[in-house]
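Student: Heads up: take any position in the sequence shown, counting from 1, add 611, and you land on this note's numbering.
By construction, the Cβ of each residue, glycine as well, lies at the ideal position given by its N, Cα and C atoms.
No experiment lies behind these values; they were computed from the predicted model shown.
Starting off with a structure, shown below.
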Amino acid sequence: MFTEIKGLKTEYLISGEGSIPVLLLHGWGASFDTYRGVISALSDRCRLYAVNFPGCGQSEIMPEPWHLDDYCDFVLEFIEKMGIDNPILIGHSHGGRVTMKLCADGRLNPPKIVLLDAAGLIPKKSFKQKMRARNFKAIKKVLSLPIIKNHSEGLLNRARAHYGSADYNAAPPVLRQTLVKLVNVDIRDILPNIKCPSLLIWGENDTATPLADAKVIESLIPDAGLCVIKGTGHFSFCEKPYEAHAILRSFIK
612 MFTEIKGLKT EYLISGEGSI PVLLLHGWGA SFDTYRGVIS ALSDRCRLYA VNFPGCGQSE
672 IMPEPWHLDD YCDFVLEFIE KMGIDNPILI GHSHGGRVTM KLCADGRLNP PKIVLLDAAG
732 LIPKKSFKQK MRARNFKAIK KVLSLPIIKN HSEGLLNRAR AHYGSADYNA APPVLRQTLV
792 KLVNVDIRDI LPNIKCPSLL IWGENDTATP LADAKVIESL IPDAGLCVIK GTGHFSFCEK
852 PYEAHAILRS FIK
């Protein structure tokens with residue numbers, strides 16, 4: 612199904628026969644398809660709404676780079692347009708970042724939230740990561756000089772491919788610029804403002820949003836609990852679905 616949010620054609624789905632409203636927000640570069648198992652597991656007790664962020668699934672891409680607040684506005688407009696009454700929020704990775712920002716700012720006061728391997732903290736970079744970033748900035752500066760700028764696009768793209776992350780390299784330019792804005796936002800200072808019960812489900816071996824981040828988030832949100840799924844990575848709820856679904860069903864009653 613499609614609707615228009617912030618002037619963009621937006622893909623969404625509604626599923627479930629239960630009475631508890633739940634809004635699912637997916638991670639960066641993914642879509643609501645990652646939640647198919649969760650939807651099946653909760654459909655007997657919940658009415659589930661899932662929306663694809665701009666540039667994901669079949670949702671139209673935004674014309675200009677977005678900030679985190681733009682994603683928050685997008686979610687609020689979707690909730691209003693769908694007439695969803697005070698939903699529980701479930702957010703994976705970037706969807707978790709949006710969830711935490713909405714709640715910490717007081718723009719939403721849901722009964723509960725679930726954070727699945729959520730983003731939102733700026734991790735400390737290793738020496739190797741710092742050197743890679745420094746090298747790319749130096750190369751970009753040289754290749755952007757007026758004297759060679761018109762002839763260096765191919766070399767700059769090769770440098771991006773070498774030094775950039777997989778998410779960065781896979782994205783079109785407007786999403787690359789958006790990703791840079793997002794990963795440079797750290798929301799830890801506002802996390803104590805989240806007052807609702809918060810469940811964290813995390814992969815033991817997550818390298819995108821490390822388990823250390825989960826422990827920081829748990830310590831800062833007043834009413835939070837962390838469940839670690841052994842032997843899983845950044846998509847812990849997909850890698851061991853039965854374990855994740857059991858935890859979710861216990862939390863959402």
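Counting only runs that start and end within the segment 633–677, where is the alpha helix (DSSP H) found for 4 or more residues in a row?
Tutor: Listed in chain order, they are 647–653.
Student: Going by beta carbon distance, what residues of the same chain come within less than 7 Å of Val796, once the five residues before and after it are set aside?
Tutor: As a first step, residue 796 is located in the sequence shown; it is residue number 185 there, counting from the start. The answer, listed in chain order, is Leu679.
Student: At a threshold of 7 Å, does Arg860 count as lining the ligand SAH (C-beta to nearest heavy atom)?
Tutor: Looking for the ligand SAH in the displayed structure turns up nothing, as the structure carries no ligands at all.
Student: In chain order, what residues of the same chain have a beta carbon less than 6 Å from the beta carbon of Ile672, not counting five sequence neighbours either side?
Tutor: As a working note, residue 672 is residue 61 in the sequence shown. Pro665, Gly666, listed in sequence order.
Student: Only counting the same chain, and skipping five residues up and downstream in sequence, which positions put a Cβ closer than 6 Å to that of Leu634?
Tutor: For the purposes of this step, residue 634 is taken as residue 23 along the sequence shown, with counting starting at 1. These residues qualify, in order along the chain: Tyr660, Pro698, Leu700.
Student: My understanding is that Val649 touches His856, with C-beta atoms under 8 Å, so please give their C-beta distance in whole angstroms.
Tutor: As a position in the sequence shown, residue 649 is number 38, starting the count at 1. As a position in the sequence shown, residue 856 is number 245, starting the count at 1. The pair is a contact, with the Cβ atoms about 7 Å apart (cut-off 8 Å).
Student: Looking at Ile840 and Glu854, is the spacing between their C-beta atoms short of 8 Å?
Tutor: In the sequence shown, the residue the question calls residue 854 occupies position 243. In the sequence shown, the residue the question calls residue 840 occupies position 229. For Glu854 and Ile840, yes; Cβs fall inside 8 Å.
Student: Kindly indicate which three-state DSSP category Cys683 falls into: helix, strand or coil?
Tutor: As a first step, residue 683 is located in the sequence shown; it is residue number 72 there, counting from the start. The answer is helix: DSSP assigns Cys683 an H, G or I state.
Student: On the DSSP letters alone, give me the boundaries of the alpha helix (DSSP H) that Glu573 sits inside.
Tutor: Absent from the model: residue 573. The displayed extent of the chain is 612 to 864, so no value can be given.
Student: Thr843 and Trp677 - do their beta-carbons sit closer together than 8 Å?
Tutor: On the sequence shown, position 66 is the one that residue 677 refers to. On the sequence shown, position 232 is the one that residue 843 refers to. Contact: no.
Student: Thinking Ile828 and Ala729 are a contact (beta carbons under 8 Å), I'd like their distance in whole angstroms, please.
Tutor: Sequence index remark: in the sequence shown, residue 828 carries index 217 (1-based). Sequence index remark: in the sequence shown, residue 729 carries index 118 (1-based). That belief holds up - the Cβ atoms of Ile828 and Ala729 are roughly 7 Å apart, short of 8 Å.
Student: When you compare only the Cα positions, how much space is there between Gln669 and Thr621?
Tutor: For the purposes of this step, residue 669 is identified with residue 58 of the sequence shown, where counting begins at 1. For the purposes of this step, residue 621 is identified with residue 10 of the sequence shown, where counting begins at 1. Those two C-alpha atoms are separated by around 7 Å.
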